[in-house]
Amino acid sequence: MCEHAPMGNEGQAPVDTRRALTDPRRFVEENTGILTLPLLPEIPLHLAAEMFPLWQLTEAELTDTGLPPPFWAFAWAGGQAVARYVLDTPDVVRDKRVLDFATGCGLIGIAAARAGAREVTAVDIDPIAVAACGLNAERNGVAIHAEKADWIGRPLDDFDVVVAGDVFYERPMADDVQEWLKGERARGLDVIIGDPGRTYLPKDGLVEIARYCVATTRELEDTEVRRTLVWRFAENAAQAALAGPSSE
Ligand SMILES: C[S@@+](CC[C@H](N)C(=O)[O-])C[C@H]1O[C@@H](n2cnc3c(N)ncnc32)[C@H](O)[C@@H]1O
């Protein structure tokens, strides 16, 4: 997944999971290195490669601590694809108010800020993701308002564009997100998502706008490269009928 070896955490101590609750920023720093992704060499991020002890924690150990899985510690294929698309097509966010929904490590929000968004807000239900997003934004010298929040169902009157990477991996979240974002699209927002073919990706109402081969890790994806598509929620039924995952 990475171009450069991680820095600073070699020979590290075991994961101090209590720290995740008391000082999430420090927890992120202690369990990650600064890595760059082949698809996004211009955005260094705090990420945890397989060699970090965080990856060795079992689900049972995580459950014992009350910690959610460390989704924030990896830049998911869908997020990488949307970030690349936004950097290569800056007009989609330039001078706009952008929401990075389910931000994880903050990658898409950072790309949007770098591409000239007027304001970027990033939300995630995991407070450690919010800390990771804040650290990563600082490292990249961009301003992002990162907040722990579940905004599914909330009207997004203060935004022009919603971007989201890899949010269709489980039910019922995927169904709720689909219904919410279709509604926001109908109210005039631009909605752009990235997805490597997850099970609960909507079957219709999407228009393909880009595709990338994203380097990933066997630990997470069972493959070293995932073909990943960037989709825009269709503006109307006619546009939706022209293209969509089910028509591939
Ligand atoms: C697979 S990760 C994708 C992260 C990032 N978008 C990326 O592509 O790298 C999914 C993220 O969704 C977040 N999440 C799950 N349910 C959520 C909700 N209701 N509201 C906001 N974030 C949520 C998780 O905490 C996690 O960070």
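Going left to right, the sequence shown walks through residues 48 to 295 as my numbering numbers them. A virtual CB, placed ideally from N, CA and C, is assigned to each residue, including glycine.
Check whether residue i and residue j have beta carbons under 8 Å apart
| i | j | result |
| --- | --- | --- |
| residue 296 | residue 223 | Lying outside 48 to 295, the shown extent of the chain, residue 296 is not represented and no answer is given. |
| residue 208 | residue 139 | yes |
| residue 64 | residue 112 | yes |
| residue 107 | residue 101 | no |
| residue 160 | residue 170 | no |
| residue 128 | residue 92 | no |
| residue 265 | residue 178 | no |
| residue 305 | residue 181 | There is no way to answer for residue 305, as the model of the chain reaches only from 48 to 295. |
| residue 206 | residue 236 | yes |
| residue 176 | residue 119 | yes |
| residue 272 | residue 284 | no |
Contact belief for residue i with residue j at Cβ below 8 Å, rounded distance in angstroms
| i | j | result |
| --- | --- | --- |
| residue 164 | residue 143 | 6 Å |
| residue 246 | residue 124 | Going by Cβ atoms, the distance from residue 246 to residue 124 rounds to 14 Å, so no, they are not a contact pair. |
| residue 281 | residue 244 | Going by Cβ atoms, the distance from residue 281 to residue 244 rounds to 19 Å, so no, they are not a contact pair. |
| residue 146 | residue 68 | Their Cβ separation, rounded to whole angstroms, is 27 Å, which puts residue 146 and residue 68 out of contact at 8 Å. |
| residue 279 | residue 239 | 5 Å |
| residue 193 | residue 153 | 7 Å |
| residue 41 | residue 162 | An answer regarding residue 41 cannot be provided, because it is not within the stretch 48 to 295 covered by the chain. |
| residue 86 | residue 259 | 6 Å |
Distance cut-off 7 Å: residue i Cβ against heavy atoms of ligand 1
| i | result |
| --- | --- |
| residue 214 | yes |
| residue 311 | Any question about residue 311 goes unanswered here, given that the chain covers just 48 to 295. |
| residue 227 | no |
| residue 118 | yes |
| residue 209 | no |
| residue 152 | yes |
| residue 252 | no |
| residue 148 | yes |
| residue 170 | yes |
| residue 199 | yes |
| residue 125 | yes |
What are the start and end residues of each continuous beta strand (DSSP E) run of 3 or more residues lying completely inside the region 137 to 170, in chain order? 144 to 148
What are the start and end residues of each continuous beta strand (DSSP E) run of 3 or more residues lying completely inside the region 190 to 270, in chain order? 192 to 195, 208 to 212, 237 to 242, 253 to 262
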